[in-house]
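S.K.: Sending over a structure as structure tokens; questions will come in a sec.
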């Protein structure tokens, strides 16, 4: 897709971080933009920022973990603007890091619900209408460098591997259907966002039972990690520029930090071919690895 002006974009997770930058960039490109997020106050602020670029915007509070909520987002989009041309399934949460045996069912339900089912819901709600409309279009699903590499266990990394494979499957399915819709998977590295404190939006029924001291300790670690991300990460606007470029070039894998991840991908693939154990993380001590350790 080389022409974005006058077309319609939908972005989930649009209230902050990469999603907000995408919405703002699409508005700057002259698109009509639908912003979706569970954080209503921040969503209104992001919509205002996009509107200041002269774009027509629609803000729709949305819980991507709920198919009904995403269906309502699709209905609102089509009712206001029509069938979208670009859909960015971007909403995500960091979850918990540490040994997998220490995670809870609540942890899994929360992170899987947002990071994986949120993408599935976005595909189910929008792609059939996009195909039926017959116009060109593009779906961008946000994964992570952790969706390409190996390393310590984390629910987040599990979901991001799933999103990468899901998007590869989507690309093939669209080709088999003879559709003019294409797809890309965005694999960000360390970005200046607030994803590590995404627990602020965790549903009450999926919270773990913790005592006051445990809550305080986790909160301190998350805030320290957030500060690290904000100080050391790539500005989200740069990521948005990469996404617009990739849509124009119909590039599938969008890597914000190729120098961080490509050697790890190569090493992992070699281990698979050799039947060897999964290799350790890059001994070069990437910023992302350091950030995760900072989280405890």
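Residue numbers (the working numbering): 1 to 296.
Cβ coordinates follow ideal geometry from the N, Cα and C atoms, glycine included.
#1: Give the straight-line distance between the Cα atoms of residue 251 and residue 276, rounded to the nearest whole angstrom.
#2: Could you name the residues of the same chain whose beta carbon sits closer than 6 Å to that of residue 139, not counting the 5 residues immediately before and after it, in chain order?
#3: Return yes when the Cβ of residue 22 is within less than 8 Å of the Cβ of residue 240, no when it is not.
#4: Would residue 177 be called buried (16 or more neighbouring beta carbons within 10 Å of its own) or exposed?
#5: Let me confirm a value: residue 85 is counted as buried when at least 16 other C-beta atoms fall within 10 Å, else exposed. Which label applies?
#6: Can the beta-carbon of residue 110 be found less than 8 Å from the beta-carbon of residue 194?
#7: Reducing DSSP to helix, strand and coil, say where residue 82 ends up.
#8: Mind checking residue 220: buried by the 16 CB within 10 Å criterion, or exposed?
#9: So residue 189 and residue 256 are in contact, right, with Cβ under 8 Å, and what is the actual spacing, rounded?
#10: Which of the three DSSP states is assigned to residue 201 in this structure?
#11: How is residue 190 classed by DSSP in three states: helix, strand or coil?
#12: Between the region 10-19 and the region 128-135, do three or more beta carbon pairs fall short of 8 Å?
#13: Spell out the partners DSSP gives residue 137 in its beta bridges.
#14: Residues in the same chain with beta-carbon distance under 6 Å from residue 26, minus the five sequence neighbours each way, listed in chain order, please.
#15: Does the beta-carbon distance from residue 92 to residue 142 come in below 8 Å?
#16: On the CB-based measure, 16 or more other CB atoms within 10 Å of its CB, does residue 55 come out buried or exposed?
#17: Under 8 Å between the Cβ atoms of residue 104 and residue 208?
#18: Please work out which residues of its chain come closer than 8 Å, Cβ to Cβ, to residue 44, disregarding the five sequence neighbours upstream and downstream, and give them in chain order.
#19: Mapping the DSSP letters down to three states, classify residue 289 as helix, strand or coil.
#20: Short of 7 Å in beta carbon distance, which residues of its chain neighbour residue 212, apart from the five on each side in sequence? Order them along the chain.
#21: If residue 156 and residue 115 are in contact, beta carbons under 8 Å, what's the gap, nearest whole angstrom?
#22: Do you know how far the Cα of residue 7 is from the Cα of residue 99?
#23: Identify every run of the beta strand (DSSP E) within the region 92-153, keeping only runs that are complete inside it and at least 3 residues long; order them along the chain.
#24: For residue 180, which residues in the same chain have their Cβ closer than 6 Å to its Cβ, ignoring the five residues on either side in sequence?
M.R.: Well, looking at it:
#1: Numbered from 1 along the chain shown, position 251 holds the residue referred to as residue 251. Numbered from 1 along the chain shown, position 276 holds the residue referred to as residue 276. Residue 251 and residue 276 have their alpha carbons spaced roughly 31 Å apart.
#2: Along the chain shown, read from residue 1 onward, the residue named residue 139 stands at position 139. Excluding residues within five positions, the ones whose Cβ falls inside 6 Å are 87, 183.
#3: On the chain shown, residue 240 is found 240 positions in, with the first residue counted as 1. On the chain shown, residue 22 is found 22 positions in, with the first residue counted as 1. Yes, they are a contact pair.
#4: Residue 177 sits at position 177 when you count from the first residue of the chain shown. Exposed, because fewer than 16 other Cβ atoms sit within 10 Å of the Cβ of residue 177.
#5: Start at 1 with the first residue of the chain shown, and residue 85 comes out as number 85. Residue 85 should be labelled buried.
#6: Here residue 110 corresponds to residue number 110 of the chain shown, with the count starting at 1. Here residue 194 corresponds to residue number 194 of the chain shown, with the count starting at 1. No. Outside cutoff.
#7: Translated into the one-based positions of the chain shown, residue 82 becomes position 82. It is coil, neither helix nor strand.
#8: Translated into positions along the chain shown, residue 220 becomes position 220. It is exposed - the Cβ of residue 220 has fewer than 16 other Cβ atoms within 10 Å.
#9: Start at 1 with the first residue of the chain shown, and residue 189 comes out as number 189. Start at 1 with the first residue of the chain shown, and residue 256 comes out as number 256. The Cβ separation is near 5 Å, so the contact holds.
#10: Position 201 of the chain shown holds residue 201. Here residue 201 sits in helix by DSSP.
#11: Taking the first residue of the chain shown as position 1, residue 190 is located at position 190. In the three-state reduction of the DSSP assignment, residue 190 falls in the coil class, being assigned neither a helical nor a strand state.
#12: Counting Cβ pairs under 8 Å, fewer than three are found: no touch.
#13: To locate residue 137, count along the chain shown from 1; it is residue 137. When DSSP reads this structure, residue 137 sits in a beta bridge with 181.
#14: Against the chain shown, residue 26 aligns to sequence position 26. 9, 33.
#15: Start at 1 with the first residue of the chain shown, and residue 92 comes out as number 92. Start at 1 with the first residue of the chain shown, and residue 142 comes out as number 142. For the 8 Å CB-CB criterion, residue 92 and residue 142 form a contact.
#16: For the purposes of this step, residue 55 is identified with residue 55 of the chain shown, where counting begins at 1. Buried, because 16 or more other Cβ atoms sit within 10 Å of the Cβ of residue 55.
#17: Here residue 104 refers to the residue found at position 104 when the chain shown is read from its first residue. Here residue 208 refers to the residue found at position 208 when the chain shown is read from its first residue. If you check the CB distance, residue 104 and residue 208 come in under 8 Å.
#18: Here residue 44 refers to the residue found at position 44 when the chain shown is read from its first residue. Residues 59 of the same chain have their beta carbon placed closer than 8 Å to that of residue 44, with the five preceding and five following residues left out of the count.
#19: For the purposes of this step, residue 289 is taken as the residue at position 289 of the chain shown. Because the pLDDT of residue 289 is 49, which lies under 50, any placement of that residue in the model is unreliable, and the question is left without a value.
#20: Here residue 212 refers to the residue found at position 212 of the chain shown. Listed in chain order, the non-local C-beta contacts of residue 212 below 7 Å within the same chain number zero, local neighbours out to five positions each way being set aside.
#21: Against the chain shown, residue 156 aligns to sequence position 156. Against the chain shown, residue 115 aligns to sequence position 115. The pair is a contact, with the Cβ atoms about 7 Å apart (cut-off 8 Å).
#22: Position 99 of the chain shown, counting from 1, holds the residue named residue 99. Position 7 of the chain shown, counting from 1, holds the residue named residue 7. Taking the straight line from one Cα to the other gives about 45 Å.
#23: Here the runs fully enclosed are 137-142.
#24: In the chain shown, residue 180 corresponds to position 180, counting from 1. Around residue 180: 136.
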